[in-house]
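Colleague:
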Amino acid sequence: MSSKRALITGITGQDGSYLTEILLEKGYEVHGIIRRSSSFNTQRIDHLYNNPEILNRKLFLHYGDVVDSSSINRLLEKVEPDEIYNLAAQSHVKVSFEVPDYTAQVDALGTLRFIDAIKEVGLDKKAKFYQASTSELYGKAREVPQDENTPFYPRSPYGVAKLYAYWIIKNYREAYNIFAVNGILFNHESPRRGETFVTRKITRAAARIALGLQDKLVLGNLDAKRDWGYAPEYCEGMWRMLQQDEPDDYVLATGETHSVREFCELAFAELGIELEWRGKGVEERGIVKEFDIEVISDKLRVTSNELTTSSHVTSHTSLTNGSVVVEVSPQYFRPTEVDLLMGNPKKAKEKLGWEAKTRLEELVKIMVNADLKKVIEKGY
Ligand code: NAP
Ligand code: GDD
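Shown next, in the form of C-alpha cells:
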C-alpha cells in the first residue's frame, strides 16, 4: 500500500469521484478541492464523504477554486502533494459558447495558476501533475484516427481554452523540468456522467420514456460521432501516466467511433424498444418500430425487488408502435461542431499497459440500467 498524498481539483465531478475511489483503494491520502455552492455538490462522493472511516482520515476536502490563486497556493503549501490531478473545468462544450470568458478563466488560466504555483511554492521537484486534456483539441480533425501527433484544430471556446492548458503544461515541463503530463482523453461516460451530456441525457430519457414519465427526447446533431469509453478505466489510466519515470502525453480512447443516433438505438433497445428513423435534418424523428413490453415489465419487477426502499414507479408506459420518442431541435446545435472523433490508443497500450475494456454495447447497458434503477427508486 502507498503512503502517497494526492490533490484532486474537480473531485466532485464524474472523473474526480472515480479517481478518488481508485487512489483510496491504492492506499493514497486524498485531498480534494471543492467549490462553495448554495446547495450540496458532493453527491458523487457522498458514499466516501459519509463514511467516518474515510472522511478526515484518508479523504480530506478543502474549499477552493481554480480562479482563486490564493486558495491554490495555500492548499499546495498545506497539503504538499506527491501527485496533483487537475480535473477542474467548465467542461460543457456547448455552454462554453455562452460563457467563453469564464471557460477560459477556469480551463486555461486555472491550469496556468496551478502549474505556476507548483514552481512558486517549491514543489516543482516533488509533485507530479496530471492535466485533463481532451480529444476536443482535435476538433475539425485533420486525420482519422487521432493520436498524440495529430495536429489540433479546436472548434469551441472550451477546446481553445484546453489548447492553452495543453501547451502551458508542455512549456512548464520543458522550461522548469516539472513532471507534468497531458492525458488526451476521448469521451468517457458512466452512470455518474452529468445529465446534460448526450449519453446520459439519452439513457436517462430512455428509462423515463419506458416508464411513462416522459414523452420525448429532444436532441441536437444525431450525426456527430464519438469514441465513447467507460470512465473508471480512464481514471486508472490517469494514475498510470503519473507512475512513469518520464513525463509524456498520452491518448486514451477505445479506437471505435459511433454516432449519437447509434447510441440512441442501443439505449432504447436495452429497454425492448426498437427505433426506426424517418425524415431528415431537423425533421428527423425516432419512432417506435416495435416495443417488447415484456422487457420493461421484467426489469421493473426485478429492480423493484432489489430496492431496499419501496419503489415509486409501479407501472410502465403505454407506448405503442409508431410513437415518436426522439426529435431534433436546433436549440442543441453548436455554432461550430466536432463531427468525428476516433482515437488511437496504441502508445498508452505500449507504454502504460492501458487498454479500454468496456465496449459501447456494454457501456450503454450499464448506463441505461443504472438510470432505470434511479428513476424507479426516486419516481422522477
Ligand atoms: P465534470 O463532471 O463536469 O466535473 C468538473 C469538475 O470541475 C467538478 O468537480 C466541478 O465542480 C469542478 N469545477 C468546475 N469549475 C471549477 C472551478 N472554477 N474551481 C474548482 N473546481 C471547478 O467533468 P468530468 O467529466 O469529470 O471531466 C473531468 C476533466 O476531464 C475536465 O477537465 C474535463 O474537461 C476533462 N475531460 C473530460 C472528458 C470526458 O469525456 N468526461 C474527456 C476529456 C477531458 P462542481 O461539482 O462544483 O461543479
Ligand atoms: N450535450 C448534448 N446534448 N450533445 C448533443 C445533443 C444534446 O442534446 N444532441 C446531439 N449532441 C451531440 C453534440 O453536438 C456533440 O457532437 C456530441 O453529441 C457529444 O456531446 P457531449 O455529450 O456534450 O460531449 P462533447 O463531446 O461535446 O464533450 C465531452 O467530451 C469531450 C472529450 O471529447 C465533454 O466531456 C468534454 O469536457 C470533453 O473534453
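Here the sequence shown is numbered in the working numbering, starting from -6 and rising by one per residue.
For glycine and all other residues, C-beta sits at the position ideal for the given N, C-alpha and C.
1. Comparing C-alpha positions only, which one of L54, D100, T35, D75 sits nearest to I171?
2. For A82, verify whether its CB is less than 7 Å away from any heavy atom of ligand 1.
3. Which one or two residues does DSSP pair with F122 in a beta bridge?
4. Could you work out which residue in L268, E255, T2 is closest to L312 when comparing CA atoms only?
5. Express the C-alpha separation of D109 and V72 in angstroms, rounding to a whole number.
6. Can you determine whether any heavy atom of ligand 1 sits closer than 7 Å to the C-beta of S32, and answer yes or no?
7. Return the CA-CA distance between E299 and K366, expressed in angstroms with no decimal places.
8. Using only CA atoms, which one of T13, I26, E229 lies nearest to G346?
9. Can you give me the Cβ contacts of N214 inside the same chain, cut-off strictly under 7 Å, excluding the 5 residues immediately before and after it?
10. Under the three-state reduction of DSSP, which class applies to Y139: helix, strand or coil?
11. Since A224 contacts E182 with CB under 8 Å, what's their CB separation in whole angstroms?
12. Counting only the same chain and skipping the five closest in sequence on each side, list residues whose C-beta sits under 7 Å from that of L407.
13. Sort out for me which residues DSSP pairs L52 with in a bridge.
14. Quick one: what does DSSP say W270 is sitting in, helix, strand or coil?
15. Measuring alpha carbon to alpha carbon, tell me which of Y373, P45, R50, L69 ends up nearest Y56.
16. Is the beta carbon of K292 sitting closer than 8 Å to the one on N314?
17. Out of S31, F33, R50, T5, state which residue places its alpha-carbon closest to the alpha-carbon of G20.
18. Quick one: does A217 have its CB under 8 Å from some CB of chain D?
19. Assuming the contact rule is C-beta atoms closer than 8 Å, V306 and G372 should be a hit. Round their C-beta distance to whole Å, please.
20. Which parts of the stretch 203 to 264 are runs of the alpha helix (DSSP H), unbroken and 4 residues or longer, counting only runs that do not cross its ends?
21. When you compare only the Cα positions, how much space is there between G187 and K112?
22. Take the Cβ of R294 as the centre, count every other Cβ of all protein chains shown within 10 Å, and call the residue buried at 16 or more, exposed below.
23. By the 10 Å Cβ neighbour count, where 16 or more other Cβ atoms means buried, how is K121 classified, buried or exposed?
24. Once you ignore the five residues that flank V13 on each side, which residues in its own chain have a CB closer than 8 Å to its CB?
25. Count the other C-beta atoms from every protein chain shown that fall within 10 angstroms of the C-beta of K59, then say buried if there are 16 or more, exposed otherwise.
26. When DSSP labels each residue in this structure, what does A(-1) get in the three-state scheme?
27. For G279, which three-state DSSP category applies?
Modeller: Per the coordinate set shown:
1. Here the closest residue by C-alpha is D75.
2. Between ligand 1 and A82, a heavy atom-to-CB distance of less than 7 Å is present.
3. Answer by DSSP bridge pairing, in chain order: I77, A173.
4. Distances from the CA of L312 to each of L268, E255, T2 were compared; the closest alpha carbon is that of L268.
5. Whole-angstrom Cα-Cα distance: 16 Å.
6. No; taking the cut-off as 7 Å, the Cβ of S32 has no heavy atom of ligand 1 nearer than that.
7. Taking the straight line from one Cα to the other gives about 9 Å.
8. The shortest Cα separation from G346 among T13, I26, E229 belongs to E229.
9. Correct list, in chain order: V253, F326, E330.
10. Strictly speaking, residue 139 in this sequence is Gln, with Tyr absent from that position. Annotated three-state conformation of Q139 is strand, per DSSP.
11. About 6 Å; that satisfies the 8 Å criterion.
12. Residue numbering for the chain in the displayed model covers -6 to 373; residue 407 lies beyond these limits and cannot be assessed.
13. Residue pairing for L52: DSSP places it in a beta bridge opposite V23, L48.
14. Three-state result, W270: strand.
15. Ranked by Cα distance from Y56, the options Y373, P45, R50, L69 are led by L69.
16. Contact: no.
17. The shortest C-alpha separation from G20 is found at R50.
18. In the structure shown, chain D cannot be found, because there is only a single protein chain.
19. Yes, they are in contact, since the Cβ atoms of V306 and G372 sit about 6 Å apart, within 8 Å.
20. Qualifying alpha helix (DSSP H) stretches, in chain order: 224 to 235, 253 to 262.
21. Computed Cα separation, rounded: 33 Å.
22. Label assigned to R294: exposed.
23. Buried, since its Cβ has 16 or more Cβ neighbours within 10 Å.
24. Note that residue 13 is Thr in the sequence shown, not Val. Annotation for T13: I1, I4, V23, G25, I38, L41, L52 place their beta carbon closer than 8 Å to its own, counting only its chain and skipping 5 residues before and after.
25. Reading off the sequence, residue 59 comes out as Val, not Lys. Only buried fits V59, as 16 or more other CB atoms lie within 10 angstroms of its CB.
26. Three-state DSSP puts A(-1) in a strand.
27. Three-state result, G279: strand.
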